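In the working numbering, the protein residues as written are 1 to 169.
Ideal Cβ placement from N, Cα and C applies to all residues, glycine included.
Only a predicted model underlies this, so the values are computations on that prediction, with no experimental measurement involved.
I have placed the structure first, in the form of structure tokens, so that the comments after it can refer back to it.
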Amino acid sequence: PGMKVLAVGGSIRVESGFLAKHGMDVTGIDFIPKTIELARKYAKLVGANANFVCCDFLKFEEKGFKGTFDFIFDQGCFHHIPIQDRKKYVEKVASLLKREGIFFMRSFSDRMIPSPTNDGPIRISSDDIYNTFYSYFITEHLYLFNNLPLPNPTSYKPQIFWSYLGRKR
């Protein structure tokens with residue numbers, strides 16, 4: 001309780017509501033207005049007091065935010081960041097996180113099947129994660145897990161995600 005938390009990405013509703021209900025000061029951010037609208041409705045439904053901001057994560061300060069967070073979690077943002085912007089992304093996370101703060105991320109894995117239209121989120125390798133975050137974070141854990149399956153014309157294939165936990169250097 002009392003920790004300042006930043007939730008980044010499209011799955012901010014449930015996690016943000018849970019953390020806010022348990023006494024954390026939660027700000028959720030996503031660039032899609034509908035996601036923010038749904039997050040606000042969910043927070044109200046469960047009686048959680050959380051703040052939600054609609055903007056591009058890489059431009060968060062343009063919304064007037066100042067300060068740092070104890071914990072940042074990315075629920076589906078990093079795998080949408082183009083390779084050329086990854087350094088900017090990790091620098092943004094590090095600048096918003098207190099020293100020894102915790103960063104948690106769930107990201108699509110390169111072991112997952114590509115999207116049928118090949119326009120879905122980027123598939124991320126363990127090397128992508130280590131190479132991007134190593135300079136700023138001590139890796140506490142990195143592991144694969146199966147999420148809900150995706151429909152496929154012939155069968156259901158699991159969504160394979162990375163779970164990453166790092167502590168800011």
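Exercise for review: Give a yes or no on whether the C-beta atoms belonging to residue 145 and residue 108 are separated by under 8 Å.
Suggested key: Taking the first residue of the sequence shown as position 1, residue 145 is located at position 145. Taking the first residue of the sequence shown as position 1, residue 108 is located at position 108. Here residue 145 is not near residue 108, since their CB atoms are 8 Å or more apart.
Point to revise | residue 58 versus residue 89: straight-line alpha-carbon distance, rounded | key: Along the sequence shown, read from residue 1 onward, the residue named residue 58 stands at position 58. Along the sequence shown, read from residue 1 onward, the residue named residue 89 stands at position 89. If I take the Cα positions, the gap works out to 6 Å.
Practice item. Quick one: give me the first and last residue of the beta strand (DSSP E) that residue 7 is part of. Key: Taking the first residue of the sequence shown as position 1, residue 7 is located at position 7. It spans 4-8 - the beta strand (DSSP E) in which residue 7 sits, taken as one unbroken run.
Check your understanding: Three-state secondary structure (DSSP) at residue 127?
Key -> Residue 127 sits at position 127 when you count from the first residue of the sequence shown. In the structure shown, residue 127 sits in a helix (DSSP, three-state: H, G or I).
Review point. What whole-angstrom Cβ distance do residue 79 and residue 121 have, given they're in contact under 8 Å?
Key: Mapped onto the sequence shown, residue 79 falls at position 79. Mapped onto the sequence shown, residue 121 falls at position 121. The pair is a contact, with the Cβ atoms about 4 Å apart (cut-off 8 Å).
Check your understanding: Residue ranges of each alpha helix (DSSP H) run of no fewer than 4 residues wholly in the stretch 48-111, ordered along the chain?
Key -> Taking 4 residues as the shortest admissible run, the stretch 48-111 contains the following complete alpha helix (DSSP H) segments, listed from N- to C-terminal end: 86-96.
Check your understanding: Would you call the stretch 55-70 and the stretch 87-102 in contact, with 3 or more CB pairs under 8 Å?
Key -> Enough Cβ pairs lie closer than 8 Å, so yes.
Review point. Nearest CA to the CA of residue 55: which residue from 44, 77, 46?
Key: As a working mapping, residue 55 is identified with position 55 in the sequence shown. Closest option to residue 55, Cα to Cα, is 77.
**Study point:** First and last residue of the uninterrupted alpha helix (DSSP H) at residue 33
**Key:** By one-based count along the sequence shown, residue 33 stands at place 33. Looking at the DSSP string, the run of the alpha helix (DSSP H) that includes residue 33 is 33-46.
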